[in-house]
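One structure is given here, and the rest of the page talks about it.
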């Protein structure tokens, strides 16, 4: 059983997706004609060009973001195989 907070978060995510889809904005990587690994690489390159650092302490670097995205893709693919 989900908590009320979890349900509220899920509802907010769905409402956000509906809004962006209504204005013609894709909300999922699969909506784009791009592979997930290629997208992660493009994001990494953009962060490098902008000297972008993320996180509260600005200690998350482009290479960290790239690794996080690749891990997310890997987990997503594993989940899809299980489901």
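Residue numbers (the working numbering): 54 to 136. All C-beta atoms in this analysis are idealised placements derived from N, C-alpha and C, irrespective of residue type, glycine included. Every value quoted in this text rests on a predicted model; they were computed, and no experiment measured them.
Exposure label - residue 72; buried when at least 16 CB within 10 Å: Residue mapping note: residue 72 aligns to position 19 of the chain shown, counting from 1. Burial call: exposed.
Residue 78 - DSSP class collapsed to helix/strand/coil: Position 25 of the chain shown, counted from the first residue, corresponds to residue 78. DSSP places residue 78 in coil when its eight states are reduced to three.
As assigned by DSSP and simplified to three states, the class of residue 87: Walking along the chain shown from the start, residue 87 turns up at place 34. DSSP places residue 87 in coil when its eight states are reduced to three.
Nearest residue (CA-CA) to residue 91, options 123, 58, 67: If you number the chain shown from 1, residue 91 lands on position 38. For residue 91, the nearest C-alpha among the options comes from 123.
Any chain B beta carbon closer than 8 Å to residue 111: Among the chains of the structure shown, chain B does not appear; only one protein chain is present.
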